[in-house]
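There are 2 protein chains.
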Amino acid sequence: MDTYVYKKRDELFERAAAVIPSGIYGHLGPAEGCFIPTSAFPFFAERAEGAYLYDVDGNRFIDYMCAYGPNVLGYNHEEVGEAARRQWEKGDCMTLPAESMVELAELLVDTVDSADWAYFAKNGGDVTNLAMLTARAKTGRDLIVKFVGGYHGVAPWMQAYGSPGILKSDVSNIITLPWNRLDLFRDLLRKNPGRIAGLISTPYSHPAMYDSELPAEGFWSEVRSLCTEHGVVLIVDDVRAGFRLDLRGSDYYYGFKADLICFSKAIANGYPVAALCGQQAFRNAVGAVFNTGSFWLSAVPFAAAIKTIEVLKKIDGPALMHRLGEKLTNGLSDIAQTHGFTLLVSGEPALWNMRLTDDESGVLHQAWVAECVRRGAFFTNHHNLFINCAMTDADIEKTWEIADDAFRAVRKNHAMKAR
Amino acid sequence: MDTYVYKKRDELFERAAAVIPSGIYGHLGPAEGCFIPTSAFPFFAERAEGAYLYDVDGNRFIDYMCAYGPNVLGYNHEEVGEAARRQWEKGDCMTLPAESMVELAELLVDTVDSADWAYFAKNGGDVTNLAMLTARAKTGRDLIVKFVGGYHGVAPWMQAYGSPGILKSDVSNIITLPWNRLDLFRDLLRKNPGRIAGLISTPYSHPAMYDSELPAEGFWSEVRSLCTEHGVVLIVDDVRAGFRLDLRGSDYYYGFKADLICFSKAIANGYPVAALCGQQAFRNAVGAVFNTGSFWLSAVPFAAAIKTIEVLKKIDGPALMHRLGEKLTNGLSDIAQTHGFTLLVSGEPALWNMRLTDDESGVLHQAWVAECVRRGAFFTNHHNLFINCAMTDADIEKTWEIADDAFRAVRKNHAMKAR
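So the protein lines, in turn, are chains G and S.
Per this note's numbering, the first sequence starts with residue 1, numbered consecutively.
Per this note's numbering, the second sequence starts with residue 420, numbered consecutively.
The structure is reproduced here in structure tokens:
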């Protein structure tokens, strides 16, 4: 199998590095985290369609990053694009909201189990921040509990003390507990009566750099009970998993009901919008928090979100992505085995994590992912991956071929061998 | 002159109030702040074009709110729309950035006086927050200075202690000084050697609820000197004024050079994007801060921003808006006088503030604004107003007519009389 060549990539990155700190900012670029070894990865997109991303060198990738989540129906989805265009012709960012804002709120209230209302913003982090403030405003308490590795945006209070620019006072009211440890949560509540405002958590544990972990049997129902008993606001951060597991919310998927639930990423198939939804009891508190943004009334993303949710309902997107994800990851595990490797798949099939366990350093896994990328399957290391509804069985099978050839290359070229 | 009737507005607001806290969130809606008396204002837009907003009842407004700033070239601007469409056909929110991101950074570095680099996000508040963290990361210091009434986004550290959800610890490192008081800033620096990380300020004082205030003679040059002398990072929040005063930055307009400068709102004529630009010395610090967002690589807003800035350059947008704003506000002041009222105009002509000083309570001003709105000039109370490049001399003259008739109605209908 031929491997990809990058040339315009490097020319463009040189231009980028001259005018943008790190060339491409944050973990979205090659300077950090997910793109290791960077030489294997494309850096710039020329265009995208359906399941595919085309880089500036004309290479085609089956894109399992899905723009880090937003691409849920396929890039440049025709129906979503048409709905966006129709709204765009009337107006997008205006002094007043359009009817599409109200329609989207109505649709979310109809669709999402824990939603009696919806409130919109732009970033996922805008609504996790609003949820945190709402929990404090509602309870008059200070402390927020999160789980180890839980990523809820880049606001100072959600970063780690010691990260550049972050002070101890930024995180002085945040308590971090290990995932799935009911005993520790119970203990904390007992020792801090009337002090915990809220618990914020993703529906399952999907931190970067670690295997994903599903909720243990009974975990969420007990957390729900404890929160109710102690007056703690239960906030589900469904920014990454939302609209991939269950359109009614990932809390519903796991059999419980959040007080507040945060959506973004996949909600409008890539159009920028975030939503905080919640139960009736929190309506006044969220309305009292001071919160606003320049483009929060923009009508096009609302129209796109309405169509995205309608299409996901019509085709039962979550079921489709579950099936495709299971097929893909089962196949990848089998292929790994035929080459003498062990691929650990964790999380949910529609947004899974994977890791070759034959080498604890991660270098073997990075090498295999790199060989996959060079052959047209866009995975990254150490971050969960995403299925979208435009992927076909043929794409899955093509990915298997790529993975197979990539394992062969790893066996041949890399010092790390299977057991 | 006929006054507008609202009917569909109230039906739609009833639907909104059922599913959205406050119906329309924050100060963007009738529940708070700017829309007093609410009965006079439209709440929902049907469409917008050029200088005009059309509400759901079919009323047309000359829109001096300009979407709170983003509308700088006119709604649904043809060239900007065409640039956005071209990029949209290739791809918008993708796993990787498109070339348009690099091109926009290059254009900003070429255009903005204090920009050696650019870093993009979605909300103005994303980049004021990033600037604050960069100042701390660069200096290793904790304290941030701002000016009274300075609005820099809704992050907890920028809100007021006592506002719902905000704790004392959120604002414990923020020091607030009165505007234009060099003596107090000097004093603060002397008393806190090596403790001030940054000063964040709009280029002139334009708080909601108060008259705007321009920088006093020599203010900025002395602030610049003091910041340099004491190693304080000088952050200009140009989110509201940017691209209306001078395309090279509002710091350039006032004759000084910021270390970091924040843009959003007008940068892409309504497409959602924000930019932090800065001098070389801060490149590594900003790159080290952890900062990311779901839609920050989206290519369409970059393409729209490029075209917006190109068109603003071509037509000299700032000069045009200055002229139109001066003509409008001079005329409004004269018309007020002919009715025996005094209209105080403050700030810059392209984004001015105004207030009838004949009544300190603000009720007379609200009544006059309400009469203007009911006749098709969309002003709000207690917030600065915006000119855009699609406005014509005919629009200004039409606004004078409206204002004239509105003064007549105020004289006739309201208890508050002129002196």
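Glycine included, every Cβ here is placed at the ideal spot set by N, Cα and C.
Everything numeric in this text was worked out from a predicted model, so none of it was measured.
In chain G, what lies closer than 7 Å to residue i by C-beta?
i        : result
Ala707/S : Pro164
Phe797/S : Thr95
Val528/S : Val19
Gly544/S : Gly293
Can you tell me whether DSSP reads residue i as helix, strand or coil?
i        : result
Glu49/G  : strand
Asn832/S : helix
Thr761/S : coil
Glu385/S : Because chain S spans 420 through 838 in this model, residue 385/S falls outside it and cannot be assessed.
Phe682/S : strand
Tyr473/S : strand
Met628/S : coil
Tyr538/S : strand
Phe386/G : coil
Trp391/S : Since the displayed chain S opens at 420 and closes at 838, residue 391/S lies outside it and no answer follows.
Ser441/S : coil
Gly617/S : strand
Ala825/S : helix
Ser163/G : strand
Ile36/G  : coil
Trp771/S : strand
Asp63/G  : strand
Phe460/S : coil
Only counting the same chain, and skipping five residues up and downstream in sequence, which positions put a Cβ closer than 7 Å to that of residue i?
i        : result
Arg774/S : Asp630, Leu763, His784
Ala406/G : Trp368, Glu371, Cys372, Arg375
Gly270/G : Ala67, Pro70, Asn71
Ile36/G  : Gln366, Asn381
Ala268/G : Pro301, Ala304, Ala305, Thr308
His839/S : In the structure as shown, chain S begins at 420 and stops at 838. Residue 839/S is therefore absent and cannot be evaluated.
Val475/S : Lys427, Arg428, Leu431, Phe463, Glu465
Glu49/G  : Tyr75, Asn76
Ile289/G : With the sequence shown as reference, residue 289/G is identified as Val, and Ile is not the correct amino acid for it. Excluding positions up to five away in sequence, the list reads Leu130, Leu133, Thr134, Ala137.
Gln279/G : Ser114, Asp116, Asp259
Gly347/G : Tyr204, His206, Ser212, Asn353, Asn384
Tyr671/S : Asp532, Asp665
Asp545/S : Ala693, Gly712
Ser669/S : Pro622, Val655, Asp657, Ala660, Gly661
Let's see if you can read the secondary structure: which residues bound the alpha helix (DSSP H) around residue i?
i        : result
Lys746/S : 736-757
Met101/G : 99-111
Ala16/G  : 8-19
Gly543/S : 543-558
Val658/S : From DSSP, Val658/S is part of no alpha helix (DSSP H); its letter is neither H nor E.
Thr711/S : No alpha helix (DSSP H) holds Thr711/S; DSSP gives it neither H nor E.
Phe185/G : 182-191
Asp670/S : 669-672
Thr308/G : 299-314
Could you tell me which chain S residues have their CB closer than 9 Å to the CB of residue i, listed as they occur along the chain?
i        : result
Glu46/G  : Lys509, Gly510, Ala517, Glu518
Asn291/G : Tyr444, Gly445, Val573
Asn76/G  : Trp507, Glu508, Lys509, Gly510, Asp511
Trp352/G : Near Trp352/G there are no residues of chain S at all, since even the closest Cβ is about 16 Å away, more than 9 Å.
Quick one: what's got a C-beta closer than 8 Å to residue i's C-beta in the same chain, skipping five residues either side?
i        : result
Cys227/G : Leu199, Val233, Leu234, Asp259
Leu177/G : Val145, Lys146, Phe147, Val148, Leu184, Phe185, Leu188
Phe61/G  : Pro42, Tyr52, Leu53, Tyr54, Asp55, Val373, Gly376, Ala377, Phe378
Using a Cβ-based criterion (distance less than 7 Å to any ligand heavy atom), does residue i qualify as near the ligand ZN?
i        : result
Thr647/S : In the structure on display, the ligand ZN does not appear, and there are no ligands present to speak of.
Can you pull the chain S neighbours of residue i, defined as C-beta to C-beta under 8 Å?
i        : result
Met65/G  : Thr514
Pro70/G  : Cys512, Ser713, Phe714
Pro42/G  : Leu515
Leu167/G : Arg555, Asp561, Asn592
Kindly indicate the opening and closing residues of the beta strand (DSSP E) around residue i.
i        : result
Ala285/G : Where Ala285/G is concerned, there is no enclosing beta strand (DSSP E), although the alpha helix (DSSP H) it sits in stretches over 283-288.
Cys277/G : 274-278
Gly569/S : That residue, Gly569/S, is in no beta strand (DSSP E); it is neither H nor E in DSSP.
Thr228/G : No beta strand (DSSP E) contains Thr228/G, which is instead part of the alpha helix (DSSP H) from 219-230.
Enumerate in chain order the residues of its own chain whose CB-to-CB distance from residue i is below 6 Å, with the five nearest sequence positions on each side excluded.
i        : result
Phe432/S : Gly442, Phe462
Met577/S : His571
Return no unless some Cβ of chain B is closer than 8 Å to the Cβ of residue i.
i       : result
Asp55/G : Here chain B cannot be found, since the structure's protein chains are G and S.
Starting from the beta carbon of residue i, find every residue of chain G whose beta carbon is closer than 8 Å, and list them in chain order.
i        : result
Tyr538/S : Ile20, Pro21, Tyr25
Glu811/S : Residue identity check: residue 811/S is Thr in the sequence provided, not Glu. The premise fails here: Thr811/S is roughly 19 Å from chain G at the closest Cβ pair, so nothing lies under 8 Å.
Lys684/S : Ser294
Along chain S, which residues have their Cβ under 7 Å away from the Cβ of residue i?
i        : result
Gln280/G : Here the premise fails: no neighbours, minimum Cβ distance about 10 Å.
Pro272/G : Lys541, Pro691, Phe714, Ser717
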